[in-house]
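*Asks:* Structure below; questions to follow.
Protein chains in written order, with the working numbering: chain L, 1 to 804; chain P, 1 to 267.
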């Protein structure tokens with residue numbers, strides 16, 4: 001989230017799209033309800049079906065899965081044509097005024113620079129116009145035909161209300177109601193927030209979906225302000241933390257790109273290629289050098305850079321790619337930690353077959369999961385005889401499987417980072433059951449054991465392990481404070497830790513500081529021996545406002561938040577270019593004549609005056625200092641509507657059937673509407689958690705949602721002769737599953753291009769273990785991912801359904 | 001002592017059912033896992049091991065308009081004038097001085113007379129213990145200064161606990177707000193019904209849209225019996241039990257028919 005949970009109470013309008021916030025993030029409705037009661041806020045929900053969120057919203061509008069960009073495009077057009085955008089904000093805080101070079105063009109769904117063989121673009125074609133001395137050329141009137149605002153207008157000319165509604169299936173009156181209500185937040189005195197989750201991201205155009213939200217918020221002047229923002233609701237309590245800590249292949253902790261072997265042979269080459277010339281990222285070399293020091297304290301960063309694993313240039317190591325590699329027997333062993341791909345992975349049948357190709361697998365989890373028992377009879381049982389991936393018998397599977405029992409969050413201490421980027425410490429409530437251990441202890445002992453095996457080696461290739469700095473106390477229980485101190489960072493004197501650094505502004509690139517993750521630097525600024533030295537342990541629940549202002553729910557002394565306890569990021573935008581709050585009652589930060597002050601930590605030079613050069617460059621992380629209405633996603637500078645990989649209809653906006661930059665892994669598994677005419681999607685419910693490992697094992701939660709069900713309209717049920725509560729079979733090219741029909745008025749067929757298109761939705765929480773069991777819905781979903789991140793397209797694929 | 005009660009505001013409930021789990025947890029009730037029947041609702045009605053449920057009710061008055069999906073928490077209403085208490089031949093049911101209607105399971109003989117005296121059909125017979133059970137308004141928590149488990153766990157503030165008069169005022173303000181903001185039929189339930197309930201509801205629509213009896217009544221013969229016959233003709237109890245047996249049988253037959261009728265109704 002750019003903002004945080006409590007801040008939802010400050011909004012005037014919440015657009016919940018691609019999220020079922022009421023069901024999956026119940027606490028969001030505590031604050032949204034407060035906004036509605038105290039500020040008269042409106043809540044809008046856009047979703048293929050009517051959910052518990054829709055039931056608590058003021059406006060509900062349906063859309064067909066996978067058509068978010070069309071929906072947003074129509075909003076852009078309406079807002080631009082009716083001049084509903086926040087003009088001053090757009091002019092000063094975004095790149096709307098920038099001129100783009102002539103080499104940028106767009107025709108029939110493709111931007112200039114496309115290479116159909118590589119399925120990628122030469123993004124240099126999309127560059128901004130610059131003067132000879134490298135300054136960006138701007139038109140502050142925003143009327144130049146090649147300025148971003150005019151190009152934006154031109155790009156979305158085709159997205160008129162009728163065309164959009166033909167694509168999305170949204171009733172026209174509902175669509176207009178949504179646009180008018182949300183566009184009202186373009187008023188400088190109002191703010192609107194967008195709440196999204198996996199309904200937005202799990203598409204082949206997931207990144208562009210999110211981009212379109214950011215663009216809308218920039219146009220309406222809603223970023224960096226209380227009650228605004230682009231707010232990704234993170235489901236897993238620590239999913240924000242795991243991204244910050246680089247549980248992804250393309251980044252190191254703190255969002256530094258992972259090095260590639262040819263492109264970044266040395267630290268100098270990495271720094272030269274990855275460090276922009278302007279914006280706050282000019283400090284990147286300091287962050288990387290300090291991270292390397294925290295790993296290998298005695299080595300120079302130039303040397304320890306060689307210890308860091310490198311990617312093969314351009315190779316993809318994401319979830320789908322990894323399972324494709326396992327399926328093709330390119331990987332021998334797997335440690336699977338708190339993950340259950342047999343239930344949660346796309347094309348779960350294939351992923352199960354992939355696991356059977358491993359020599360060994362270590363599973364770490366609270367219970368025996370479907371994945372840790374992927375070799376068992378019950379794991380190989382199927383709803384029908386169709387066998388797409390030659391699933392074997394238990395005796396044919398040679399994978400040696402080890403299981404390490406992990407303990408629950410209440411049985412251990414440590415911090416989690418929530419959606420609002422708060423790093424909150426949790427104390428241990430009770431002792432672990434049996435032999436189960438904290439994840440951290442398992443990692444700790446594993447590392448100690450590996451170090452022991454390499455002890456005494458003088459081989460240079462063993463140095464990454466023999467030199468690894470691992471000083472977290474003695475015995476099996478690592479010292480959490482020592483770890484947090486290293487995360488915060490300290491000075492390094494003669495290869496030993498010195499004083500703590502205050503925060504990342506004190507980090508150096510010469511090997512004299514160490515810091516585990518620069519964005520968390522500041523969480524443990526001094527060691528005085530008090531528990532609250534670790535700021536994540538703070539629990540002051542007073543919301544003390546800055547002198548002369550009203551409190552806005554910042555609670556600055558409750559836990560700690562990255563970066564440097566800043567609760568709303570980009571908050572320079574909460575003030576006018578001259579430095580005054582847009583809205584007095586919701587003053588975040590403002591200029592008092594000498595410095596920036598207010599109810600938050602300034603996301604700006606503390607004493608840089610509005611009149612100083614760059615005094616309105618509110619987006620300090622961007623080289624241009626402004627928010628990107630025009631950017632460089634892999635698909636192009638502006639999001640364009642492409643149909644999902646599997647779609648029941650043709651694309652009527654351009655002749656590209658699906659995202660031109662996505663990689664097709666299994667072209668033969670692409671379902672077609674003649675055989676599979678129904679759109680399928682998967683989702684969660686309040687009562688279960690992710691792949692269900694933690695909830696299906698609990699009788700009280702199993703009681704709430706006992707079976708896998710599929711929601712469908714009364715119209716579809718009638719066509720198929722299905723009654724409410726019947727057992728049905730759902731089929732895709734990847735597999736078949738059994739589920740119970742939930743025939744409901746809350747799902748309606750979409751009216752697309754003048755014909756009825758049916759959509760169904762299946763819960764994906766289920767597997768064969770526990771009190772509540774059922775077929776994993778992901779046996780139906782495809783191995784295809786987004787054009788930038790490779791997140792699987794769980795939310796829009798083709799299927800058919802019949803009575804069991 | 002002033003009455004303490006729950007105020008349940010349907011306009012804030014997201015049907016997460018944290019209350020259902022909190023209730024089972026505090027009362028240490030076993031899960032009653034029933035197969036999914038095409039509705040999110042866990043059970044058609046409360047049962048001897050499930051004191052509270054959230055009901056899910058779909059309405060579509062005008063196909064051009066949105067469907068409405070109503071959620072309502074259903075449990076013992078803790079009537080200010082509880083019929084169950086009056087009919088209990090063993091005096092196993094009593095009322096605390098703050099309004100909770102509670103049962104003494106040591107005294108309960110499982111006669112189930114209370115189950116059909118109740119206008120909300122709440123008390124349920126638990127065969128394994130030969131007793132009749134229901135929501136206790138967590139009197140064992142409240143008397144120790146705690147909030148009932150359901151209200152304690154509610155994330156959105158749909159369930160509040162406190163002084164009945166204060167909550168009634170809050171409910172009246174809320175109804176005013178809702179009527180002015182898109183819910184012209186918003187109303188309070190529990191203020192006047194049966195002379196007042198020690199459970200207050202803010203509804204966004206009329207009670208029938210929430211499966212609540214619009215004008216709940218205690219069966220006439222029970223009122224007559226308990227108010228007039230029993231106090232003066234205590235020796236008629238054996239006869240009363242015979243009468244109740246007949247009544248029990250007929251009620252069950254009627255309930256059976258009602259059940260058939262109800263099936264296949266809303267989702």
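Note that the Cβ used here is the ideal one computed from N, Cα and C, for glycine as well.
Roughly how many angstroms separate the alpha carbons of residue 411 of chain L and residue 750 of chain L, rounded to a whole number?
*Replies:* So the alpha carbons of these two residues sit roughly 47 angstroms apart.
*Asks:* Smallest Cα separation from residue 603 of chain L: which of L/618, L/122 and L/592?
*Replies:* L/618
*Asks:* Since residue 707 of chain L meets chain P, which of its residues come closer than 8 angstroms, beta carbon to beta carbon?
*Replies:* 35 and 36
*Asks:* Under the assumption that residue 223 of chain L contacts residue 2 of chain L (Cβ atoms under 8 angstroms), give the Cβ distance between them as a whole number of angstroms.
*Replies:* 6 angstroms
*Asks:* Tell me where the beta strand (DSSP E) around residue 59 of chain P begins and ends.
*Replies:* 53 to 59
*Asks:* For residue 42 of chain P, does the count of other Cβ atoms within 10 angstroms reach 16, so buried, or fall short, so exposed?
*Replies:* buried
*Asks:* Listed in chain order, which residues of the region 17 to 28 of chain P have Cβ atoms closer than 8 angstroms to some Cβ of chain L?
*Replies:* Here the close residues are 17, 18, 20, 21, 24 and 25.
*Asks:* For the beta strand (DSSP E) that residue 232 of chain L lies in, which residues bound it at each end?
*Replies:* 230 to 232
*Asks:* So residue 172 of chain L is in the alpha helix (DSSP H); what residue range does that whole segment cover?
*Replies:* 172 to 183
*Asks:* On the DSSP bridge list, what partners appear for residue 23 of chain L?
*Replies:* The partner list for residue 23 of chain L (beta bridge, DSSP) is empty, contrary to what the question assumes.
*Asks:* Could you check whether residue 596 of chain L and residue 589 of chain L sit closer than 8 angstroms to each other, using their CB atoms as the reference points?
*Replies:* yes
*Asks:* Residues of the region 55 to 70 of chain P in Cβ contact with chain L at a cutoff of 7 angstroms, in chain order, please.
*Replies:* 58, 60, 66, 67 and 69
*Asks:* For residue 746 of chain L, I'd like the list of residues in its chain whose CB is within less than 8 angstroms of its CB, leaving aside the five on either flank, ordered along the chain.
*Replies:* The beta carbon of residue 746 of chain L is closer than 8 angstroms to those of 49, 50, 51, 54 and 711 in its chain, skipping five residues each way along the sequence.
*Asks:* In this structure, how does DSSP classify residue 142 of chain L when only helix, strand and coil are distinguished?
*Replies:* coil
*Asks:* Would you please state the rounded distance, in angstroms, between the beta carbons of residue 737 of chain L and residue 383 of chain L? I believe it to be under 8 angstroms.
*Replies:* 5 angstroms
*Asks:* Measuring straight from C-alpha to C-alpha, what distance separates residue 795 of chain L and residue 24 of chain L?
*Replies:* 16 angstroms
*Asks:* Spatial neighbours of residue 695 of chain L within its chain, please: CB distance less than 6 angstroms, with the 5 preceding and 5 following residues excluded, ordered by chain position.
*Replies:* Within its own chain, the residues whose Cβ lies closer than 6 angstroms to the Cβ of residue 695 of chain L, once the five positions on either side in sequence are excluded, are 688, 689 and 701, listed in chain order.
*Asks:* Going by Cα to Cα distance, which pick from L/468, L/443 and L/444 is closest to residue 455 of chain L?
*Replies:* L/468
*Asks:* Of all the CB atoms in chain P, is at least one closer than 8 angstroms to the CB of residue 411 of chain L?
*Replies:* no
*Asks:* Going along chain P, which residues have a C-beta under 7 angstroms from residue 687 of chain L?
*Replies:* 17
*Asks:* What residues of chain L sit near residue 271 of chain P, judged by a beta carbon separation below 8 angstroms?
*Replies:* It is not possible to answer for residue 271 of chain P, since the shown part of chain P is limited to 1 through 267.
*Asks:* Is it buried or exposed for residue 147 of chain L, if we count other Cβ within 10 angstroms and need 16 for buried?
*Replies:* buried
*Asks:* At 7 angstroms on the CB atoms, spell out the chain L contacts of residue 149 of chain P, in chain order.
*Replies:* Within chain L, no residue comes near residue 149 of chain P; the closest Cβ sits about 12 angstroms away, beyond 7 angstroms.
*Asks:* Compare the beta carbon distance of residue 409 of chain L and residue 394 of chain L with 8 angstroms and say whether it is the shorter of the two.
*Replies:* Result no, Cβ atoms of residue 409 of chain L and residue 394 of chain L do not sit closer than 8 angstroms.
*Asks:* Are the C-beta of residue 724 of chain L and some C-beta of chain P separated by less than 8 angstroms?
*Replies:* yes
*Asks:* May I ask which residues mark the beginning and end of the beta strand (DSSP E) holding residue 425 of chain L?
*Replies:* 422 to 426
*Asks:* Mind listing which residues of the region 51 to 78 of chain L have their C-beta closer than 8 angstroms to chain P's C-betas, in chain order?
*Replies:* 52, 53, 54, 55, 56, 58 and 60
*Asks:* For residue 259 of chain P, count the other beta carbons within 10 Å of its own beta carbon; 16 or more makes it buried, fewer makes it exposed. Which is it?
*Replies:* The predicted position of residue 259 of chain P is uncertain, since its pLDDT is 43 and thus under 50; a value taken from the coordinates is nonetheless stated next. Burial call: exposed.
*Asks:* With 16 other CB atoms within 10 Å as the buried threshold, where does residue 430 of chain L fall?
*Replies:* exposed
*Asks:* Look up residue 95 of chain P in the DSSP assignment and give the residues it is bridged to.
*Replies:* DSSP lists P/101 as partners of residue 95 of chain P.
*Asks:* Less than 8 angstroms between CB atoms is the rule here; does residue 180 of chain P satisfy it with respect to chain L?
*Replies:* no
*Asks:* Taking C-beta to C-beta, are residue 777 of chain L and residue 797 of chain L nearer than 8 angstroms?
*Replies:* Not a contact, by the Cβ cut-off of 8 angstroms.
*Asks:* Quick check on the burial criterion: 16 or more other C-beta atoms within 10 angstroms. Buried or exposed for residue 82 of chain P?
*Replies:* buried
*Asks:* Can you list the alpha helix (DSSP H) stretches of 4 or more residues lying completely in the region 701 to 762 of chain L, in chain order?
*Replies:* Runs of the alpha helix (DSSP H) inside the region 701 to 762 of chain L: 714 to 720.
*Asks:* Taking contact to mean 3 or more Cβ pairs, one atom from each stretch, closer than 8 angstroms, check whether the region 507 to 523 of chain L and the region 284 to 295 of chain L are in contact.
*Replies:* yes
*Asks:* Mapping DSSP to helix, strand and coil, what is residue 39 of chain P?
*Replies:* coil
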